[in-house]
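**Q** This is the structure, below, for whatever I ask next.
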Amino acid sequence: MATKRMPDPASLPAPAPLAMVRLKDLRKNAGRTQEDLALALGVGQDTVSRLEKRSDMLLSTLRHYVASVGGELALVARFSDRPAVVIDHLGEDRPVIRARKRDLRSAKDGEP
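Numbering (my numbering), first residue to last: 36 to 147.
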């Protein structure tokens, strides 16, 4: 699967003022219910309710939520003394390979 590259921020037009919205507003504007999102995210409706009330969460969680209402999350850092930049590869799902301690011991001892 090819990774979508964000355009160079310097080549983008000046941004229009952004609307401030809550996650609940995103969901309602997309015509979705908490139950709809719960099915899309593979969680319970109560979990969606809690997500919408949080002020702090993992970027990957926010990315999944935004995608489930039809959007794409972009993280932009703005500075007073230089142009804004899009921060790449944060909160993306990447496979994590973890070996169990028992498997590592077995491999060390030459056991199958």
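Backbone N, C-alpha and C define an ideal beta-carbon position, used for all residues, glycine too.
Taking all protein chains shown into account, do 16 or more other C-beta atoms lie within 10 angstroms of the C-beta of His99, making it buried, or fewer, making it exposed?
**A** Position 64 of the sequence shown holds residue 99. That one is buried.
**Q** What did DSSP end up calling Ala102 once you bin it into helix, strand or coil?
**A** Position 67 of the sequence shown, counted from the start, is the residue given in the question as residue 102. Helix at Ala102.
**Q** How would you label Val111, buried or exposed, when you count the other beta carbons within 10 angstroms and need 16 or more for buried?
**A** In the sequence shown, the residue the question calls residue 111 occupies position 76. Looking at its Cβ environment, which holds fewer than 16 other Cβ atoms inside 10 Å, Val111 is exposed.
**Q** Buried or exposed: where does Arg117 fall if 16 or more other Cβ atoms within 10 Å of its Cβ makes it buried?
**A** Taking the sequence shown and counting its residues from 1, one reaches residue 117 at position 82. The residue in question, Arg117, is exposed, as its Cβ has fewer than 16 Cβ neighbours within 10 Å.
**Q** Identify every residue that forms a DSSP beta bridge with Leu110.
**A** Walking along the sequence shown from the start, residue 110 turns up at place 75. Looking at the DSSP assignment, Leu110 forms a beta bridge with Ile122.
**Q** Cβ atoms of Thr82 and Leu74: under 9 Å apart, would you say?
**A** To locate residue 74, count along the sequence shown from 1; it is residue 39. To locate residue 82, count along the sequence shown from 1; it is residue 47. It is not a contact, given that the beta carbons lie outside the stated cut-off.
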